[in-house]
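Position in the sequence shown (first residue = 1) + 786 = the numbering used here. Built from N, CA and C at the ideal position, the CB exists for glycine as well.
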Amino acid sequence: MSLTTRMNGYFREQSQRARGLRLLKPSTTLPRGVLGGPRRIIDPDSGLVSQETTSRELQVSDYHWDSQFEELLEANWEESDEDQELTAEEVIAAQFKRRKPHVPRLMQLAVDSIVKNISSITYESIKNMPSIQLEYLWRELSKRCANSFNTWKAFSKALDRQEGAILSQFRYSGSVEEPVPSLSVYTKPLKSVTFDFLVHLSITTAFSTSNMVELSTLSNLVALEISNPKHGKHVRTAGKQFDTSFGDRVIKTWGEVAATGKGFKVLRILKLRNFLEITNNCFQYLNDFPALAVFDVVDCGFNGLAQLSAGKLGWEVHPDGALLEILQSDCVKHIMALRASLGLPARPIRRSTAKPLWDKAKVTMIPRADVPTLLTGGTSSAARNSAYLHAEEQVRAMERTPAGRAKLKRTGLSHFEAVDYISRKEYRELETWEFRTLTSLNRLSELRNDEDLRAAGLKVDEFVPMVSGEFISSIPFVSLRLGPELSYAPSKADLHQPFYDGGMSDRSLKYTSKNLGVGAKGYVYTRIAIPVARTRIREQSEEIMGSDANGSGSRPSKRRKVRGDKRQQIGDLLAGVMGVI
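What follows is the structure, given as structure tokens:
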């Protein structure tokens, strides 16, 4: 018998014997939820070895999403340094450079130990650490992407919000594709009665109506998006659909809570998608939300409120409007008003398209008193982003050649329209699910100077963070999506240009949307002015809603309407004197 035959027989015998092998129970305590220890199984055909355990189904009480993270390491992350600027050639050379074996540094070993026990870190355990060590530890955790929500919450509060901080300290983003049915599992960790951070919540799968009503207890909720998934023949998503009980009554309940001052103190943005039970009747409750600036509805049973009626309630209507572009236009109009108040000459102002910001970008702190000077372009800090400048160079190069001019003529775009299109196209590919709402919140902070937050009792810092030439909120934001990411077609009025015409005649310096309001599927209502004084009573709102439906009202209702208009004028006057509007 040859040696090969004897060896094959030996391995075959060992494989058959291994079928009945089972490991003894481990001496250590089993992890929580594991009912049976690991069993070793050997496949006799392939020889593959595996282990299996028996676990019970995860209960809601055992689900701690705020402590979960997936550690990711970048290439050469140990030697990476955010402050070091490398050329493209140096980056390529570093990737192919052979690393010499070396003993890990003591600091690296300490960080490794902290990462293994990251779930036990709390604000109380790190609040007394020196700032230098705290910042170093935060940067090391950011390199590993080892920041769960609890970790971010502790470090965001403990770290100093000063010059040179990184942007990830001011924002956190997470998503749960298949959430458990209990909404309180997610909202409980998000609550902050001291307003250490504000919450942007996006819900794209169904929860019970009682759970949705309880959102009023989330006092630091600043933006709420609720989308009802579609399940048609051509559109199918993984999210569950809401039942028909979610409608105007929920908005009414929320408004009643907000009117008493027990909830929604800082809610700025409310977005609703694909709810046929949301109708015009819900509009009468919107002014009960003290800080609400945006009401955005698409594919709902909402027929839209006329501009005249909406204007009496302090709102401006944009049929099929694109929210971020609308707010960028408002920001430029705000800059023109600031220039007039500072005695500066009027001139056309353009503002480049908003761009996604890098998490590791450095933050510059600007005194709030210097913000008007920066916004009006008094210094170089108001420079446009690189994508806009690059797009402008491309269009000018096309205009210098006959072929380029012919191409622009075929597209039907003017100079500025082509620049906006090219600059937007470059950044749209980099946008994440929370980008547009988060950027809209930053634009509202710029327009309102965070006075709505100050009126709600929040402590607003006297320094405003600025990243890559864009102002962000001085209070950190947390963005959480519950459910799958849903995509919607761009609105018909996507070309609300972020600039002010300044009296120029070029048609590209005006809104370019055509047939605005015809067959609109959605409406964006904006209210930039802060309702410091209660300028509306419920009777006035009901009268306006009734007049839209039934025409002119009776004589007593007209008297109430006149009294309401007078109260609104007085309230606007007081607000203007206080410097809020």
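**Report entry** Bridge partner(s) assigned by DSSP for Q837
**Finding:** For the purposes of this step, residue 837 is taken as residue 51 along the sequence shown, with counting starting at 1. Q837 is bridged by DSSP to R826.
Report task. Compare the C-alpha of T1225 against each of E949, R1054, E1042, L1099 and name the closest. Result -> Taking the first residue of the sequence shown as 1, we reach residue 1225 at position 439. For the residues E949, R1054, E1042, L1099, the minimum Cα distance to T1225 belongs to R1054.
Query raised in the report: What is the residue span of the alpha helix (DSSP H) that G1097 lies within?
Result: Taking the sequence shown and counting its residues from 1, the one referred to as residue 1097 is at position 311. Note, G1097: alpha helix (DSSP H), 1093-1098.
Report task. Can you give me the start and stop residues for the alpha helix (DSSP H) that N1232 sits inside? Result -> Here residue 1232 refers to the residue found at position 446 when the sequence shown is read from its first residue. Note that residue 1232 corresponds to Glu in the displayed sequence, not to Asn. Per DSSP, E1232 belongs to the alpha helix (DSSP H) from 1221-1234.
**Report entry** CA-to-CA distance, H986 to L1056, given in whole angstroms
**Finding:** Looking up residue 1056 in the sequence shown gives position 270. Looking up residue 986 in the sequence shown gives position 200. Going by C-alpha positions, L1056 is about 10 Å away from H986.
Query raised in the report: What are the start and end residues of the beta strand (DSSP E) that includes P1251?
Result: Along the sequence shown, one-based indexing puts residue 1251 at 465. Residues 1249-1253.
Query - Rounded straight-line distance, which links the Cα of V1264 to that of F1050 - result: If you number the sequence shown from 1, residue 1050 lands on position 264. If you number the sequence shown from 1, residue 1264 lands on position 478. Distance between the alpha carbons of F1050 and V1264 is about 16 Å.
Report task. Report the residue from F1032, G833, L1091 whose alpha carbon sits nearest the alpha carbon of F1061. Result -> For the purposes of this step, residue 1061 is taken as the residue at position 275 of the sequence shown. Among F1032, G833, L1091, the Cα nearest to that of F1061 is on F1032.
**Report entry** Segment contact, 8 Å Cβ cut-off, at least three pairs: the stretch 1174-1181 with the stretch 1240-1257
**Finding:** Fewer than three pairs of CB atoms, one per stretch, sit closer than 8 Å, so the stretch 1174-1181 makes no contact with the stretch 1240-1257.
Query raised in the report: Whole beta strand (DSSP E) runs in the stretch 977-1025 with 3 or more residues, listed along the chain?
Result: Whole beta strand (DSSP E) segments, 3+ residues: 984-989, 1007-1013.
Requested in this report: Identify whether L1056 lies in helix, strand or coil by the three-state DSSP scheme.
Outcome: Position 270 of the sequence shown, counted from the first residue, corresponds to residue 1056. It is a strand residue.
Requested in this report: Count the C-beta pairs between the stretch 938-953 and the stretch 961-974 that are closer than 8 Å, then say yes if the count reaches three, no if not.
Outcome: Flag = no, the stretch 938-953 and the stretch 961-974 do not touch.
Query - Beta-carbon spacing of V784, Q1093 below 8 Å - result: This structure cannot settle anything about residue 784, because the visible part of the chain is limited to 787 through 1367.
Report task. Mind reading off the beta-carbon distance from T908 to A932? Whole number of angstroms is fine, and I expect it under 8 Å. Result -> The residue you call residue 908 lines up with position 122 of the sequence shown. The residue you call residue 932 lines up with position 146 of the sequence shown. That pair is no contact at about 16 Å.
Query raised in the report: Does the distance from the CB of G1041 to the CB of D1074 come in under 8 Å?
Result: Counted from its first residue, the sequence shown places residue 1041 at position 255. Counted from its first residue, the sequence shown places residue 1074 at position 288. Inclusion of G1041 and D1074 in the CB contact set at 8 Å is warranted, their separation being smaller than that value.
Query - Contact belief for E1011 with L969 at Cβ below 8 Å, rounded distance in angstroms - result: In the sequence shown, counting from the first residue as 1, residue 1011 sits at position 225. In the sequence shown, counting from the first residue as 1, residue 969 sits at position 183. The C-beta distance from E1011 to L969 rounds to 14 Å, too long to meet the 8 Å contact threshold.
Query raised in the report: Should H1120 go down as buried or exposed, given a rule of 16 or more other Cβ atoms within 10 Å for buried?
Result: On the sequence shown, position 334 is the one that residue 1120 refers to. It counts as buried.
Query raised in the report: beta strand (DSSP E) containing S968: first to last residue?
Result: Along the sequence shown, read from residue 1 onward, the residue named residue 968 stands at position 182. Note, S968: premise wrong, no beta strand (DSSP E); not H, not E.
Query raised in the report: By the 10 Å Cβ neighbour count, where 16 or more other Cβ atoms means buried, how is L1128 classified, buried or exposed?
Result: Translated into the one-based positions of the sequence shown, residue 1128 becomes position 342. Label assigned to L1128: exposed.
Query - Beta-bridge partners of L1268, as assigned by DSSP - result: Along the sequence shown, one-based indexing puts residue 1268 at 482. Answer is V962, I989.
Query - Under the three-state DSSP convention, the category E860 falls into - result: Here residue 860 corresponds to residue number 74 of the sequence shown, with the count starting at 1. The pLDDT assigned to E860 is 48, lower than 50, so where the model puts this residue is not dependable; a value taken from the coordinates is nonetheless given after this. The answer is coil: DSSP assigns E860 none of H, G, I, E or B.
Query raised in the report: Apart from the five residues on each side of it in sequence, which residues of its chain come closer than 7 Å, Cβ to Cβ, to A944?
Result: For the purposes of this step, residue 944 is identified with residue 158 of the sequence shown, where counting begins at 1. Y909, I912, K913, L920.
Report task. Could you have a look at G1041 and say whether DSSP puts it in helix, strand or coil? Result -> Along the sequence shown, read from residue 1 onward, the residue named residue 1041 stands at position 255. For G1041, the three-state secondary structure derived from DSSP is helix.
Query raised in the report: If we call anything under 8 Å between Cβ atoms a contact, is L1244 one with I1261?
Result: Residue 1244 sits at position 458 when you count from the first residue of the sequence shown. Residue 1261 sits at position 475 when you count from the first residue of the sequence shown. Using a Cβ distance threshold of 8 Å, L1244 and I1261 count as a contacting pair.
Query raised in the report: Span of the alpha helix (DSSP H) holding I918?
Result: Here residue 918 is taken as the residue at index 132 of the sequence shown, counted from 1. For I918, the uninterrupted alpha helix (DSSP H) run begins and ends at 917-930, by DSSP.
Requested in this report: Would you list the one or two residues that DSSP bridges to H850?
Outcome: Along the sequence shown, read from residue 1 onward, the residue named residue 850 stands at position 64. Per DSSP, none; premise fails for H850.
Requested in this report: For K1148, name the three-state secondary structure that DSSP assigns.
Outcome: Translated into positions along the sequence shown, residue 1148 becomes position 362. If DSSP states are grouped into helix, strand and coil, K1148 belongs with the strands.
Report task. Kindly list the residues whose CB is nearer than 8 Å to the CB of I904, restricted to its own chain and excluding five residues on each side of it in sequence; keep chain order. Result -> The residue labelled residue 904 in the question sits at position 118 within the sequence shown. Within its own chain, the residues whose Cβ lies closer than 8 Å to the Cβ of I904, once the five positions on either side in sequence are excluded, are F855, L927, A932, S934, T937, listed in chain order.
Query raised in the report: On the three-state DSSP scale, how would you describe G1163?
Result: The count along the sequence shown starts at 1 and reaches residue 1163 at position 377. Three-state DSSP puts G1163 in coil, outside helix and strand.
Report task. Keeping to the same chain, check which residues put their C-beta closer than 8 Å to that of P1131; ignore five residues upstream and five downstream. Result -> If you number the sequence shown from 1, residue 1131 lands on position 345. If we look at P1131 and ignore the five residues flanking it on each side, its Cβ neighbours are R1125.
Query raised in the report: In terms of residues, what are the limits of the beta strand (DSSP E) holding G1190?
Result: Taking the sequence shown and counting its residues from 1, one reaches residue 1190 at position 404. It is not in any beta strand (DSSP E) - G1190 instead sits in the alpha helix (DSSP H) that spans 1188-1197.
Requested in this report: Output the boundary residues of the alpha helix (DSSP H) element that contains V1103.
Outcome: Here the question's residue 1103 lines up with position 317 in the sequence shown. DSSP places V1103 outside any alpha helix (DSSP H); the residue lies instead in the beta strand (DSSP E), whose first and last residues are 1102-1105.
Query raised in the report: Shortest alpha-carbon distance to K1048 belongs to which of S1002, L1091, L1078?
Result: As a first step, residue 1048 is located in the sequence shown; it is residue number 262 there, counting from the start. The option with the nearest alpha carbon to K1048 is S1002.
Requested in this report: Label R1267 either buried or exposed according to how many other C-beta atoms from any shown protein chain fall within 10 Å of its C-beta, with 16 as the threshold for buried.
Outcome: Taking the sequence shown and counting its residues from 1, the one referred to as residue 1267 is at position 481. Burial call: buried.
Query raised in the report: Nearest CA to the CA of F981: which residue from V1008, I989, T990, S994?
Result: The sequence position of residue 981 within the sequence shown is 195, counting from 1. The option with the nearest alpha carbon to F981 is V1008.
Query raised in the report: Comparing alpha-carbon positions, which option in E838, T991, R1137, Y1311 lies nearest A1108?
Result: The sequence position of residue 1108 within the sequence shown is 322, counting from 1. When only C-alpha atoms are compared, the closest one is Y1311.
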